[in-house]
Structures are given as structure tokens and as C-alpha cells.
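Here is the structure we will look at, set down as C-alpha cells.
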Amino acid sequence: MRKLALKDEILLTVQQPARYIGGEVNMVKKDPSAVDVRFAMCFPDVYEIGMSHLGIQILYSMFNSREDIYCERVYSPWMDLDPIMREKNIPLFTLETQEPVKNFDFLGITLQYEMCYTNVLQILDLAQIPLHAADRGEDMPIVIGGGPCAYNPEPLADFFDMFYIGEGETVYFELLDCYKENKKNGGSRRDFLEKAAQIEGIYVPAFYDVEYNEDGTLKSFTPNCPTAKEKIVKQVVADMDSVPYIEKPLVPFIKVTQDRVVLEIQRGCIRGCRFCQAGNVYRPLRDSLEYLKHYAYDMLKSTGHEEISLSSLSSSDYTHLEGLVNFLIDEFKGKGVNISLPSLRIDAFSLDVMSKVQDIKKSSLTFAPEAGSQRQRDVINKGLTEEVILKGASDAFHAGWNRVKLYFMLGQPTETVEDMEGIALLSEKIAETYYDEIPKDQRHGKVQVVASSSFFVPKPFTPFQWARMCTKEEFLERANIVRGKFREMKNFKSLKYNWHEAELTVLEGVLARGDRRVGAVIEEAYRKGAIYDSWSEFFKNEVWMEAFKTCGVDIDFYTTRERSLDELFPWDFIDAGVSKNFLKREWQNALDEKVTPNCRQKCSGCGAAKYGGGVCFEKR
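Using the working numbering, the letters of the sequence shown correspond one by one to residues 119 to 738.
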């Protein structure tokens with residue numbers, strides 16, 4: 119029987135003790151002494167968030183399919199347990215064996231959003247692993263990072279031994295076999311890192327030297343080790359049906375954010391929205407089909423879940439959507455299984471499907487126009503007209519819905535006051551559509567239109583990576599312009615407007631496009647108490663501002679500064695599939711308000727065709 123790392127008296131004092139005891143349904147149990155590689159897989163946020171992440175479930179299942187590897191899990195201890203572990207000197211432990219993470223061969227940390235960076239340091243600190251890779255000895259785990267934020271790993275470069283760039287199903291086993299071989303031959307930590315640097319997609323920060331110009335921009339980024347590559351090439355699964363998926367998902371004892379079976383129907387996106395990093399770095403679009411029906415049965419049976427979610431960046435672009443949805447409805451609807459369809463464009467088919475699988479009275483429909491005016495939607499290449507939006511709303515109202523959520527983004531390149539006010543005007547037009555088209559005796563109460571705006575952050579590997587970002591004051595000024603316009607609307611009582619935190623957005627902007635000098639700020643903020651920054655109740659902006667001041671790092675250099683087209687970026691050593699020339703063309707198209715067709719309409723020559731699969735090779 120496992121001995122828990124936390125004594126009962128501690129578990130009784132913290133919220134949700136189930137976060138720390140493991141033993142969940144479908145948890146993998148192995149004899150640690152009988153495996154060659156022990157891998158601690160970490161999501162640097164609270165258990166409920168981490169347990170909902172599809173990528174970790176896929177890698178957990180994949181790693182544990184091999185007898186010689188034992189993959190276990192670890193999450194960030196919540197704010198109530200963190201000080202207890204420090205006070206009582208309890209090292210951070212995995213859920214499966216309850217053993218200290220510092221005793222493992224690898225600590226793999228997924229980087230899903232920039233605001234988890236101080237939690238990465240919390241994980242290392244509580245695990246009693248030196249924060250800096252340079253300070254780790256032979257007995258310490260190899261700390262490896264992956265996920266979308268690894269496409270600019272530089273702010274975290276000092277804290278990681280290596281980064282995995284791309285999709286985990288491709289070369290992870292090659293990396294772990296390399297580790298086994300090195301260990302068997304008595305090789306050192308350095309020996310392994312040098313061998314790992316030869317594997318495609320693996321980046322070892324210590325093997326690169328950085329120089330800066332007098333103005334602070336990057337002068338050069340060069341390998342200092344013979345085995346280190348000049349370009350790190352993103353790893354891609356060309357055929358989704360050729361790689362394993364999850365057969366027995368982990369089922370937590372407590373409610374988590376995504377408490378359902380998830381079928382990944384495709385990766386990538388054809389749309390080419392110019393602000394969207396995921397739409398660029400996950401190119402090309404690749405469909406799945408063969409395994410989906412089989413895994414739907416297996417996962418429902420092994421979990422007892424009562425909901426299936428179809429996961430993708432844009433479900434409406436999935437070529438087999440109608441057939442798959444009808445299959446799932448026919449097979450499972452009568453068995454108490456619900457089907458959820460996120461990321462759908464609102465059209466007649468989508469509404470028909472949703473009416474079959476949702477309780478219309480309880481649900482609201484979500485549109486993401488992203489910009490209030492057609493001009494601005496053309497700038498960002500949203501590919502959505504006002505006519506389509508209003509037609510979708512009309513169809514939805516006639517089908518019985520009366521609640522609509524709208525998502526916008528403020529502060530995008532070239533934005534004008536007219537574009538901002540367009541958010542309120544479009545919301546008003548949607549409300550008017552309801553009152554104009556639905557007779558009083560057929561209405562389910564008033565229409566509710568909730569518009570939310572986040573603030574724009576330019577991300578690496580997007581056409582907007584050259585864009586200037588707004589200051590906190592400019593963001594708030596724009597939000598107030600929109601709010602003021604909402605108050606002028608005739609149907610004001612049916613409308614609601616809210617917006618994201620501006621201070622958090624500015625910090626995200628620094629971390630997104632930062633270089634190695636930002637690492638000192640992250641460490642300083644962490645040491646001053648910054649943690650769980652993505653949680654508004656714990657975010658301490660004053661701590662971060664003090665850290666920037668202490669470290670002598672200028673926020674505006676990373677946010678509001680104009681960038682030239684020939685500037686060397688901290689992430690330019692990564693080949694993410696989309697070429698810099700393509701991104702430059704798209705940046706110019708944005709400034710010219712020129713729309714680029716989606717990948718199925720016309721190839722734009724982004725560079726992703728070199729991966730040899732997906733939409734690039736569909737018959738058109």
C-alpha cells in the first residue's frame with residue numbers, strides 16, 4: 119500500500135485533499151524499481167486545471183504504454199499547502215507513488231500560458247531542485263519544457279535543461295531511449311544533453327550564446343556546442359490516425375474544469391487569423407477519423423463519464439463533422455451521454471446539431487467576431503462578415519436561443535475609435551434582430567447579449583509579432599470608449615459589457631515576446647511572492663513592477679516599441695513551420711486591410727507543406 123506524502127493532520131487542514139493523494143480511476147500503477155526511466159509530468163497550476171489538460175493525458179497514456187517508462191503526475195500545490203510544505207520541509211511529490219520529484223529522471227513541465235511562469239519556479243523550489251539549470255548536479259532530474267509557450271522559450275531559458283518544440287508523439291521516445299543508453303554507458307548529465315541536442319525538436323539553452331546591440335535588440339544567437347543545431351525544427355504528427363490516443367483517461371475524485379471524455383478531431387486551423395499563435399504554430403490542419411468512434415466507446419466505458427467533447431481549434435472545418443456527430447448522437451444520446459461542440463461557427467448545420475445535443479433553455483451561443491467593424495475584421499483576417507454574424511444570430515433565435523456571448527479583442531493594430539464603438543453597435547444589432555424577428559408570444563423572455571473584450575497581445579510566429587502593443591492606460595481608455603457607446607444603445611438593458619485586466623495583459627505581453635533578460639524579472643517577482651498570476655485574486659502587479667525596477671528591465675522595450683522587419687527576434691532560431699517571409703507578407707496584408715483566403719480556398723505558401731500531410735495535400 120502507498121504511503122501518502124502528506125500526513126492526515128495536514129490533509130485535514132487544506133482545501134480539496136484529493137488534489138494530493140492520487141489513486142484516481144485509471145491511474146497507472148507500476149513498480150518503480152522495475153523501470154528504466156521515471157518521468158514526472160507537471161502542469162504548473164492547480165490540480166483541477168491540470169487534470170483537464172488533454173495533452174498531458176495523451177502523453178501520460180503514451181509513456182505508460184511502455185514497460186520501461188513510468189510516467190507520474192505533479193501539479194502546483196494550492197496556496198494553503200504551499201507554506202506548509204516549506205515550513206515542514208516536505209519535498210514536492212508525484213501523485214502516483216507519492217515520492218519526491220527530485221528523485222526522478224525527468225521533470226516535464228507543460229507551458230500553456232505565460233502567466234504560469236512563477237508557478238514553474240514554485241514547482242522547482244518545492245521540489246528542492248535548483249532554479250537554474252547551471253546549478254543542477256548529476257543527481258537532479260532533467261527539466262524539460264514543452265507546449266505553446268515553448269515557441270518562445272527564452273524568458274525561461276535559465277531554468278530549463280531543455281525544451282521540446284512541437285508535438286510530443288514524435289521524438290519523445292527517441293529522447294528517452296537516448297537517456298537510457300547514456301545512463302547504461304555511465305554517461306554524465308552533460309553527455310546526455312549533447313546527445314539530446316542532436317535530436318530534431320530538442321533545444322538545450324545552455325548550448326547557445328546571446329549577444330545584444332547597444333539599443334537592446336538581439337545582435338546574435340549562436341550555438342556554442344558542436345552538437346547544437348542552428349535551427350530547431352518543430353515536430354509534427356503528419357497523420358493523426360498513426361499515433362496512439364487515450365484509451366483509459368484519468369478520472370478525478372473531485373470536479374475539475376473539463377470533466378468529460380475528449381475526442382481530438384483535428385489539429386491545426388485553416389483560418390489564418392493574424393493574431394492567433396495556435397493557428398500558425400499548429401499548421402498544417404490535420405483531421406482524425408479512424409480512431410474516434412473506437413476511442414469514444416472505450417473512454418466512456420473506462421471512465422463512466424456522461425459527456426463527449428469534440429476538441430479542435432475550429433470544429434466547423436472538420437470534414438467529417440456531420441457524419442461523426444450523427445454517429446455519436448445515434449449511438450449515445452439514448453444512453454444519457456451528452457455531446458459538446460466547442461469552437462463551432464454558427465450556421466444552420468451547427469444550430470441543428472446543437473439543438474439535438476443541448477438544452478436550449480440552459481445554454482448560450484458563443485460568437486467570436488474579435489472586432490467590432492468589418493474593416494478591423496479584414497485587418498485581422500477573421501473571415502467573418504456582419505451579414506454572417508447576424509444571420510447566425512437570427513437562425514439561433516428562431517431555433518429557441520435567447521442568450522448570446524460575443525468575444526472581442528481591443529488594441530489590435532490599426533484600430534480606430536469607430537472600430538471600438540463597432541463592438542457596441544454589433545451587439546445592439548444582434549439584440550435588435552431578436553426583437554424584430556421573434557414575435558412577443560414566441561419569446562423566452564428578453565434577449566441577453568454579453569460582450570467581452572480581451573486586450574491584444576502580439577505573439578511570436580504570428581503576422582502581428584512586429585506590432586506595437588498598447589499601454590495599460592491605452593487599453594483602459596479603449597474599454598471606456600466601448601462602455602460609453604454601450605450606454606447609448608436603445609436596448610442597453612439587454613446588453614452587458616466586460617473586459618479583461620489591463621495590467622495582466624501588459625505583463626503577458628512582456629513574457630510573450632521577452633528574451634533571456636526577462637528571466638531575472640520572473641525570478642525576482644517569484645522571490646517577492648508572485649505566484650498563481652493567472653488567478654486575478656492572487657495577481658500582485660505591484661510585485662512585478664518592483665521586480666522590473668530592481669532588475670533594470672524596461673517594460674516598454676518589450677511592449678510598445680516599434681519593431682523593424684529585419685529585427686532578429688529571440689525565437690527566430692525556431693522553425694515553427696510558417697516562414698518569416700510569409701508572416702511579413704501577412705503583416706503587410708493586415709496594414710493594407712487585405713483578406714487572405716483560408717487554406718482550403720487557396721494555398722498561401724506559409725511553409726507548412728514541408729511536413730508532408732494534412733490540408734496541404736487534400737485534393738482540391
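By construction, the Cβ of each residue, glycine as well, lies at the ideal position given by its N, Cα and C atoms.
Could you give the first and the last residue of the continuous alpha helix (DSSP H) run that contains G441?
439-450
On a Cα-Cα basis, can you pick out the residue from I457, T215, W584, L544 that is closest to N444?
Out of I457, T215, W584, L544, the CA that lies nearest to the CA of N444 is found in I457.
Three or more C-beta pairs below 8 Å linking the segment 547-562 and the segment 619-626:
no
Could you name the residues that DSSP lists as bridge partners for Q566?
R521
Hey, is the segment 357-365 in contact with the segment 406-418, meaning 3+ C-beta pairs nearer than 8 Å?
yes
Opposite E488 in the DSSP bridges: which residues?
F526
Within its chain, find whatever has a CB closer than 7 Å to the CB of I649; leave out the 5 residues flanking it on each side and keep chain order.
T236, N237, Q240, F656
Counting beta carbon pairs with one atom in the segment 705-716 and one in the segment 569-582, are three or more of them shorter than 8 Å?
Output reads yes: the segment 705-716 touches the segment 569-582.
Kindly indicate which three-state DSSP category T228 falls into: helix, strand or coil?
strand
Start and end of the alpha helix (DSSP H) containing F666?
659-669
Measure the CB-CB distance between P273 and G263 and report whether it falls below 8 Å.
no
Per DSSP, what kind of secondary structure is C734 in: helix, strand or coil?
Note: C734 maps to helix in three-state DSSP.
Note the first and the last residue of the continuous alpha helix (DSSP H) segment covering P201.
200-205
Give the single residue among I187, N303, G334, E711 whose Cα lies nearest to the Cα of F687.
G334
How would you call E533, buried or exposed, if buried means at least 16 neighbouring beta carbons within 10 angstroms?
buried
With H, G and I counted as helix, E and B as strand and the rest as coil, what does DSSP make of Y326?
strand
Helix, strand or coil: how does DSSP classify A158 here?
strand
Own chain residues within Cβ distance below 6 Å of A315, not counting five before or after:
V322, F325, T345, A346
Reference K611, options E348, K564, F573, closest by Cα
K564
Is DSSP giving I457 helix, strand or coil here?
strand
Look at the alpha carbon of D149 and the alpha carbon of R156, and state the distance between them as a whole number of angstroms.
11 Å
I think G731 touches R401, with their Cβ atoms under 8 Å apart; what is that distance to the nearest whole Å?
That pair is no contact at about 11 Å.
According to DSSP, is R635 helix, strand or coil?
coil
Residue span of the beta strand (DSSP E) that contains F750, given as start and end
There is simply no residue 750 to check, as the chain begins at 119 and stops at 738 in what is shown.
Apart from the five residues just before and just after V143, which ones in its own chain have a Cβ nearer than 6 Å to its Cβ?
V369
Please name the residue, chosen from D633, K667, M197, R631, that lies closest to E642 on a Cα-to-Cα basis.
K667
Going by beta-carbon coordinates alone, are V261 and I247 separated by less than 8 Å?
yes
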